[in-house]
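Chemist: Quick one: the structure is below, and I'll ask about it shortly.
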Amino acid sequence: MIEVRGLRTQFGALVLHQDLDLSVRRGEVLAIVGGSGSGKTTLLREIALLERPAAGSIRLFGEELAGIGEAEAFGLRRRFGMMFQQGALFSSLTVRENIAVPLREHTRLPARLIAEIAELKIALVGLPAHAAGRYPRELSGGMVKRAAVARALALDPGLLFLDEPTAGLDPVGAGGFDELVLALQQALGLTVVMVTHDLDSLWRITDRVAFLGERRVLACAPMAELTRAAQPLIRAYFGGPRGRAALPPG
Amino acid sequence: MDIATPARAELEGTCLRCAGLWTVAGIEAARLPPEGVASRVDAAAIAALDTCGALLLLKLAAPGARWDGLRPEHAALLELVRAHRLPAEAGPPAREENPLAQLGRAVTEHARGLGELLAFIGEASAALGRALLAPRRLRWKPVLANLETAGFEALPIVGLLAFLMGVVIAYQGGMQLRLYGANIFIVELVGLTMLREMAVLMTAIIVAGRTGSAYAAQIGTMCVTEEVDALRTIGIRPMELLVLPKMLALMVALPLLTVFADILGVLGGMATALLLLDVSFTEFLDRLPRAVPVRHFFVGLGKAPVFAALIALVGCFQGFQVRGGAEAVGRQTTQSVVQAIFLVMVADAAFSVLFSWLKI
């Protein structure tokens with residue numbers, strides 16, 4: 001689904017990624033982890049066509065992103081959804097209108113059907129029906145994140161990007177969000193790529209975890225394997241008291 | 001997604017035969033039979049299905065319809081959508097309010113806005129009073145920074161527009177004066193209009209558009225990002241950090257800009273007088289102090305700090321009124337410019353009345 005080869009990202013003199021390789025398979029939940037400033041979100045943004053890398057190749061749905069034209073990029077953008085860290089809901093629109101934006105923009109469906117689809121998505125992400133007419137500022141943090149997922153899923157994309165989906169949520173809310181991602185992923189056959197720090201999420205919902213460090217992907221493996229890795233950075237990340245506390249029983 | 005095979009649905013009696021791509025891209029081109037008629041759905045030829053397509057299928061089929069040939073994964077998706085489909089509710093009824101109620105609402109809203117503005121002016125005055133009693137507590141660094149952005153950086157645009165204004169006034173008036181051979185009276189015309197009215201008014205309008213809007217946008221964005229609340233919790237009064245320095249800086253900058261506009265405006269008038277009316281610079285400058293008493297200059301200048309306070313207060317006030325997000329910032333910024341220019345004009349008219357009473 002996604003193939004990243006020899007990626008290099010540079011901001012001025014700062015080299016963020018160097019010779020970075022990563023591949024994502026269809027239908028899996030892959031998390032990108034790593035210390036602060038290791039370029040997790042930047043990597044996600046490069047795959048999602050929001051930033052251009054300095055060198056290297058990214059193939060999304062088999063199409064090379066380097067030197068892609070505006071028309072091809074437009075077509076590709078229809079095929080994935082992205083949830084931003086703060087939700088990035090349009091503050092002047094209600095939740096229903098927010099979800100309808102991609103549908104109105106990309107399809108010629110009648111307005112009545114678009115409203116019904118938007119309400120279906122609201123129910124799918126577990127928001128109460130009365131949330132549809134609310135404005136983003138009237139929602140709690142967890143509800144904003146769910147609404148953002150609903151908007152990302154508006155066009156039924158096969159691929160979903162999540163940037164820090166559980167950051168800032170209480171444990172109950174974060175747990176509920178994990179279950180939501182898992183349920184949607186299984187029901188809709190989604191491929192999910194997420195950036196997260198949440199160790200409980202990593203254990204609960206990911207198939208594989210890519211660990212970013214030293215400007216590249218140090219390891220990409222299921223959690224159980226990754227926590228046994230000998231690499232010092234990975235050991236430091238998962239070996240602390242929090243990492244051990246999040247270990248599943250047994 | 002291949003749009004070449006869009007969703008197809010044909011109604012044969014009460015049996016709905018479906019084929020093609022029932023996805024969001026596939027269904028938009030589909031020609032659909034009436035909803036809720038089919039009691040049997042033949043779904044064997046459906047090539048792909050997503051939630052949008054499933055929703056549409058459920059709408060087409062009558063409740064309790066029989067589904068034939070449905071693939072297991074499609075059946076699961078259909079079940080998911082059916083479980084989450086909201087009972088078709090009519091949108092919120094559009095409430096027609098009678099015009100009288102609308103008028104009443106508008107009046108009360110404006111009255112409340114006015115009351116809030118007055119309260120804000122009171123708060124700002126109190127903060128100003130406190131600052132004057134303890135000048136060392138005043139934040140001088142933001143004052144100087146604001147003085148630079150609002151004053152110094154506005155010099156080119158104010159100077160250029162004042163010069164052009166002087167040219168235009170002298171040209172329009174000079175054409176009339178030349179008919180009567182009263183060329184030399186161009187000095188009174190340009191001197192009086194520029195010094196007493198036009199320079200200060202035009203400078204105030206430029207500053208309202210340039211600086212008042214910037215104040216509103218800055219404070220408004222800070223409200224959205226909760227920076228203003230952060231200041232409060234740290235124990236810094238937003239009034240003292242955000243409003244007072246801006247107000248003081250503008251009350252210094254606007255009079256200075258006005259003097260600059262006076263000079264360039266008269267210069268523009270002089271240039272036109274020379275080229276159009278054969279009034280030399282020497283003649284013009286010789287006559288200017290005799291024709292236009294210096295009090296006119298001070299009348300114009302005296303209005304500047306008042307206009308400055310109005311512009312700064314309205315800009316900051318509108319900034320604090322921002323609730324919500326990006327759109328509100330834009331709306332309140334527009335409001336700040338409109339209100340500031342309006343209030344400047346009203347104040348100018350009030351000054352005219354006042355000065356004619358005082359015979360200045």
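In order, the protein sequences belong to chains A and B.
For the first sequence, our numbering gives the first residue as 1, with consecutive numbering after it.
For the second sequence, our numbering gives the first residue as 1, with consecutive numbering after it.
Idealized CB from N, CA, C, for every residue including glycine.
Just how far apart, CA to CA, sit residue 221/A and residue 5/A?
Modeler: 17 Å
Chemist: Judging by CA-CA distance, which residue of 90/A, 17/A and 28/A is the nearest neighbour of residue 161/A?
Modeler: 28/A
Chemist: Considering just the uninterrupted stretch of the alpha helix (DSSP H) at residue 171/A, what are its terminal residues?
Modeler: 171–188
Chemist: Return the first residue and the last residue of the alpha helix (DSSP H) that residue 50/B is part of.
Modeler: Where residue 50/B is concerned, there is no enclosing alpha helix (DSSP H), given that its DSSP letter is neither H nor E.
Chemist: If we cut at 8 Å on Cβ distances, does residue 325/B have a partner in chain A?
Modeler: yes
Chemist: Per the contact definition of three or more C-beta pairs closer than 8 Å, is the segment 66–85 of chain B in contact with the segment 120–131 of chain A?
Modeler: yes
Chemist: Compare the beta carbon distance of residue 215/A and residue 30/A with 8 Å and say whether it is the shorter of the two.
Modeler: no
Chemist: If we define contact as Cβ-Cβ less than 8 Å, is residue 251/A a contact residue for chain B?
Modeler: Residue 251/A lies beyond the residue range present for chain A, which begins at 1 and ends at 250; the question has no answer from this structure.
Chemist: Does residue 228/B have its Cβ less than 8 Å from a Cβ in chain A?
Modeler: no
Chemist: Pick out whichever of 71/B, 179/B, 327/B and 313/B has its Cα sitting closest to the Cα of residue 276/B.
Modeler: 179/B
Chemist: Going by beta-carbon coordinates alone, are residue 18/B and residue 43/B separated by less than 8 Å?
Modeler: yes
Chemist: If you measure beta-carbon to beta-carbon, which residues of the segment 36–61 of chain A are closer than 8 Å to chain B?
Modeler: none
Chemist: Show which residues of chain A have a CB atom less than 7 Å away from the CB atom of residue 52/B.
Modeler: 117 and 156
Chemist: Kindly indicate which residue of 181/B, 239/B and 37/B has the alpha-carbon position closest to the one of residue 63/B.
Modeler: Minimum Cα distance to residue 63/B is reached at 37/B.
Chemist: Please identify, using Cβ separations under 9 Å, the residues of the segment 8–32 of chain B that lie next to chain A, in order along the chain.
Modeler: Residues of the segment 8–32 of chain B whose Cβ lies closer than 9 Å to any Cβ of chain A, in chain order: 23, 24, 25, 27, 28 and 29.
Chemist: Give the straight-line distance between the Cα atoms of residue 322/B and residue 213/B, rounded to the nearest whole angstrom.
Modeler: 13 Å
Chemist: In chain B, what lies closer than 8 Å to residue 151/A by C-beta?
Modeler: The contacting residues do not exist; residue 151/A stays about 14 Å from chain B at best.
Chemist: Does any residue of chain B bring its CB to less than 8 Å from the CB of residue 135/A?
Modeler: yes
Chemist: List, from N- to C-terminal side, the beta strand (DSSP E) runs of 3 residues or more that fit wholly inside the segment 79–131 of chain A.
Modeler: 80–83
Chemist: Mind listing the chain A neighbours of residue 84/B? Cutoff is C-beta to C-beta under 8 Å, in chain order.
Modeler: 120, 123 and 124
Chemist: Taking residue 74/A as the reference, which of 164/A, 140/A and 49/A has the closest Cα?
Modeler: When each option's Cα is compared against that of residue 74/A, the closest is 49/A.
Chemist: Residues in its own chain within less than 8 Å of residue 266/B by CB, not counting five upstream and five downstream?
Modeler: Only 166, 190, 191, 194, 195 and 288 meet the Cβ criterion.
Chemist: With distances taken Cα to Cα, identify the nearest neighbour of residue 49/B among 35/B, 69/B and 74/B.
Modeler: Closest option to residue 49/B, Cα to Cα, is 74/B.
Chemist: When you compare only the Cα positions, how much space is there between residue 3/B and residue 25/B?
Modeler: Here the model assigns residue 3/B a pLDDT of 46, short of 50, so the residue's position is not dependable, and the following value carries that caveat. Approximately 7 Å between the Cα atoms of the pair.
Chemist: List the residues of chain B that residue 108/A touches, going by C-beta distances under 7 Å, in chain order.
Modeler: In chain order: 28.
Chemist: Could you tell me whether the Cβ atoms of residue 217/B and residue 333/B are closer together than 8 Å?
Modeler: yes
Chemist: According to DSSP, is residue 288/B part of a helix, a strand, or is it coil?
Modeler: helix
Chemist: What do you reckon, are the CB atoms on residue 47/A and residue 2/A nearer than 8 Å?
Modeler: Between residue 47/A and residue 2/A, the gap from beta carbon to beta carbon is short of 8 Å.
Chemist: Excluding the 5 residues flanking residue 164/B on each side, which residues of the same chain have their C-beta closer than 8 Å to its C-beta?
Modeler: 268
Chemist: Tell me which residues of the segment 165–189 of chain A have at least one Cβ-Cβ distance to chain B shorter than 8 Å, keeping chain order.
Modeler: 187, 188 and 189
Chemist: Check this for me: beta carbons of residue 239/B and residue 123/B, under 8 Å apart or not?
Modeler: yes
Chemist: Is residue 255/B near residue 305/B, with beta carbons less than 8 Å apart?
Modeler: yes
Chemist: Given that a residue counts as buried once 16 or more other Cβ atoms are within 10 Å of its Cβ, and exposed if not, what is residue 278/B?
Modeler: exposed
Chemist: Closest to residue 345/B by C-alpha separation, out of 258/B, 197/B and 229/B, would be which residue?
Modeler: 197/B
Chemist: Report the residue from 31/B, 173/B and 199/B whose alpha carbon sits nearest the alpha carbon of residue 188/B.
Modeler: 173/B
Chemist: Which value, in whole angstroms, describes the spacing of the CA atoms of residue 271/A and residue 135/B?
Modeler: Lying outside 1 to 250, the shown extent of chain A, residue 271/A is not represented and no answer is given.
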